[in-house]
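Read the structure below first, then the notes.
Protein chains: 2
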Amino acid sequence: MISQNIKVAVDAVVFGYVERQLQLLLIKQKYGSEKNKWALPGGFVLDHEDLDTAVTRELKEETGITLAYLEQLYTFGAVKRDNRQRVVSIAYLGLINPKKFKLTASTDALEVGWFAIDALPPLAFDHQEIVAKGLERLQNKISYKPIGFELLNTEFPFSNIENLYQTILNKPIDRRNFRKKLMSFGILEETDKISKPESGRPAKLFRFNTKKYKALEQKGFHFEIKFA
Amino acid sequence: MISQNIKVAVDAVVFGYVERQLQLLLIKQKYGSEKNKWALPGGFVLDHEDLDTAVTRELKEETGITLAYLEQLYTFGAVKRDNRQRVVSIAYLGLINPKKFKLTASTDALEVGWFAIDALPPLAFDHQEIVAKGLERLQNKISYKPIGFELLNTEFPFSNIENLYQTILNKPIDRRNFRKKLMSFGILEETDKISKPESGRPAKLFRFNTKKYKALEQKGFHFEIKFA
DNA sequence: TCAAAAGTGTTGGCGCTACACCCATGT
DNA sequence: ACATGGGTGTAGCGCCAACACTTTTGA
């Protein structure tokens with residue numbers, strides 16, 4: 001067999017959504033040439049573990065988080081992306097509701113944190129590029145698959161989804177049309193609960209209809225939201 | 001640095017279109033446990049070469065072909081996908097007009113060939129799965145990006161495109177509606193030439209308007225072809 | 001004159017966009 | 001009473017689906 005000196009790693013672009021902001025999960029590098037820079041959670045794949053197992057494991061180890069949604073994003077393999085050693089990294093896209101987990105820095109005592117997507121610190125390696133790809137994918141995907149609910153509480157006022165879409169797509173949407181369309185899919189169920197907002201009128205809380213949700217995941221959605 | 005014993009390879013799912021058939025480019029394995037089975041062209045990445053360079057090189061070496069279109073498809077990394085050794089393979093999707101190249105088996109004297117997509121021989125490793133993923137991607141992509149022209153001659157009768165779409169999407173389309181829609185994008189230019197068919201009425205030949213084509217590549221298309 | 005494929009328009013319906021005011025609550 | 005966000009209906013238009021006959025050529 002040929003000799004080859006390339007390492008295989010995984011990295012995770014994990015998005016969260018809190019207070020009308022799209023957030024990204026980062027850890028602070030403790031070792032290496034990029035010490036003290038923030039980076040995507042991730043690491044080397046073990047010889048006997050599948051790729052998605054590797055991401056899941058690394059995330060758990062480094063941040064304490066277990067994802068609600070995970071898909072393969074893209075593989076980054078440019079020769080010069082890490083200058084110590086050739087590393088090919090399979091990037092994954094993950095979604096999680098940050099409120100559902102407490103961040104716990106790993107035993108290596110790295111720092112872990114959520115950062116607003118439009119105020120990221122400088123990132124290690126080519127992680128900037130990976131994040132860009134992840135964001136692009138998220139924006140596309142949310143327009144044709146009912147993901148994005150993974151980012152919210154299980155019961156939420158309608159305005160949460162509305163704002164989530166506006167935030168992720170980064171454009172204003174027409175509230176009435178959006179609501180009509182989304183409701184027409186039948187994936188939202190009213191609960192009998194009511195939110196108690198800080199100000200303004202209380203809102204009904206909604207929950208997912210998981211059956212319809214699964215069905216839609218197959219068939220595909222379609223949103224092409226208008227400017228206001 | 002950690003010790004890790006994983007090899008990195010690339011594989012190419014290359015589609016061609018000839019005589020109303022979607023074809024796949026395969027090579028016959030000469031060595032290894034899967035000797036004499038057909039497989040996707042591909043091979044190990046060199047330490048100092050980028051991933052896409054690697055695919056391009058392997059394709060050239062193994063088949064003599066240089067692609068008109070190439071994009072990263074998906075990375076396959078299951079532990080057990082190759083039982084000799086752990087191999088992570090980054091699969092690429094390629095399109096080419098088979099008429100534009102003569103297949104030349106490599107110096108290792110492998111066999112090379114085009115196979116109709118619905119009559120593939122048994123494939124080595126998990127290549128069946130990779131092909132499935134490639135086909136799925138092609139079917140999606142062709143509905144929202146003006147790819148697919150890479151598969152045709154530079155000048156072609158309209159019916160070529162029409163058939164290509166039917167073949168790839170594997171469903172009948174409404175000829176009138178399809179033509180209207182496609183023409184409305186302005187990416188096809190009439191030439192003054194006329195095809196000389198084996199039978200039936202001669203047809204005008206078309207060519208691409210490369211400018212519009214580039215523009216569309218950005219904005220995205222939209223086809224959602226109906227059953228007849 | 002027949003077979004084979006090319007070429008071509010219209011209509012109806014559906015879904016999307018555009019758009020603005022009232023309601024329920026807390027302060 | 002005011003501020004804050006929640007909740008709601010309609011009309012017009014554009015786009016898409018459905019649909020079939022005529023034309024050109026070669027045999």
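Going down the list, the sequences are from chains A and B. Those letters in the first sequence? Residues 1 to 228, by full-length UniProt numbering. Those letters in the second sequence? Residues 1 to 228, by full-length UniProt numbering. The beta carbon of each residue, even a glycine, is placed where N, CA and C say it ideally should be. Just so we're clear, the structure is a prediction, and the values are computed from it rather than from any experiment.
- Under a criterion of Cβ atoms nearer than 7 Å, the residues of chain B adjacent to residue 86 (chain A) are, in order, 47.
- For residue 165 (chain B), the nearest beta carbon of chain A is not closer than 9 Å to its own beta carbon.
- One Cα belongs to residue 10 (chain B), the other to residue 91 (chain B), and the distance between them is close to 6 Å.
- Boundaries of the alpha helix (DSSP H) harbouring residue 178 (chain A): 175-184, taken from the DSSP string.
- For a cut-off of 8 Å, the C-beta gap from residue 159 (chain A) to residue 223 (chain A) is around 17 Å, too long to register as a contact.
- Annotation for residue 55 (chain A): the continuous alpha helix (DSSP H) segment containing it runs 51-63.
- Of all residues in the stretch 40-66 of chain B, only 44, 45, 46, 47, 48, 49, 50 and 51 come within less than 8 Å of chain A when Cβ atoms are compared, listed by chain position.
- Between residue 221 (chain B) and residue 137 (chain B), the alpha-carbon positions lie close to 16 Å from each other.
- For residue 2 (chain A), the chain B residues whose Cβ falls inside 8 Å of its Cβ are 7 and 44, in order along the chain.
- Excluding its 5 nearest sequence neighbours in each direction, residue 139 (chain A) has C-beta neighbours in its own chain below 7 Å: 168 and 169, listed in chain order.
- Taking the Cα of residue 201 (chain A) as reference, the smallest distance to any Cα among A:70, A:23, A:157 and A:27 is reached at A:157.
- Around residue 12 (chain B), no beta-carbon contact reaches into chain A at under 8 Å, the shortest distance being about 14 Å.
- Under a 10 Å Cβ-count criterion, residue 7 (chain B) is classified as buried, with 16 or more other Cβ atoms of the shown protein chains found around its own Cβ.
- If you draw a straight line from the Cα of residue 204 (chain A) to the Cα of residue 161 (chain A), it comes to about 13 Å.
- Secondary-structure assignment with DSSP links residue 89 (chain B) through a beta bridge to B:9 and B:76.
- Annotation: residue 168 (chain A) has no Cβ neighbours in chain B at a cutoff of 7 Å; minimum Cβ distance is about 18 Å.
- DSSP assignment within the stretch 133-215 of chain A yields the following whole alpha helix (DSSP H) runs of 4 residues or more, N-terminal first: 158-169 and 175-184.
- DSSP lists A:23 as the beta-bridge partner residues of residue 16 (chain A).
- Against chain A, the beta carbon of residue 77 (chain B) has neighbours under 8 Å at 8, 45, 50, 51 and 90, listed in chain order.
- Within the same chain, 17, 148, 151 and 152 come within 8 Å of residue 164 (chain B) by CB-CB distance, once the 5 residues on both sides are set aside.
- The way I'd put it, the stretch 26-38 of chain A does touch the stretch 109-119 of chain A; three or more beta-carbon pairs between them come closer than 8 Å.
- Excluding its 5 nearest sequence neighbours in each direction, residue 61 (chain B) has C-beta neighbours in its own chain below 6 Å: 106, listed in chain order.
- From the beta-carbon of residue 72 (chain A), the residues of chain B found nearer than 7 Å are 74 and 75.
- An exposed status is given to residue 119 (chain A), since fewer than 16 other beta-carbon atoms sit within 10 Å of its beta-carbon.
- Pairing residue 208 (chain B) with residue 182 (chain B) gives a Cβ-Cβ distance that is not under 9 Å.
- Around the CB of residue 117 (chain A), 16 or more other CB atoms lie within 10 Å, so the residue is classed as buried.
- If you look at residue 45 (chain B), you'll find it isn't in any beta strand (DSSP E); DSSP assigns it neither H nor E.
- When secondary structure is reduced to three states using DSSP, residue 30 (chain B) falls in the coil class, being assigned neither helix nor strand.
- Bounds of any beta strand (DSSP E) do not take in residue 105 (chain B), whose DSSP letter is neither H nor E.
- Only residues of its own chain outside the window of five on either side were considered, and among them 158 and 162 have a CB closer than 8 Å to the CB of residue 179 (chain A), listed in chain order.
- Contact annotation: the stretch 78-95 of chain A touches the stretch 28-44 of chain A, with at least three C-beta pairs closer than 8 Å.
- Closest in alpha carbon position to residue 34 (chain A), among A:127, A:79 and A:69, is A:127.
- For residue 115 (chain B), the enclosing beta strand (DSSP E) has its first and last residue at 112-116.
- The Cβ-Cβ distance between residue 73 (chain B) and residue 145 (chain B) does not fall below 9 Å.
- Note on residue 39 (chain B): 16 or more other CB atoms within 10 angstroms of its CB, so buried under the neighbour-count rule.
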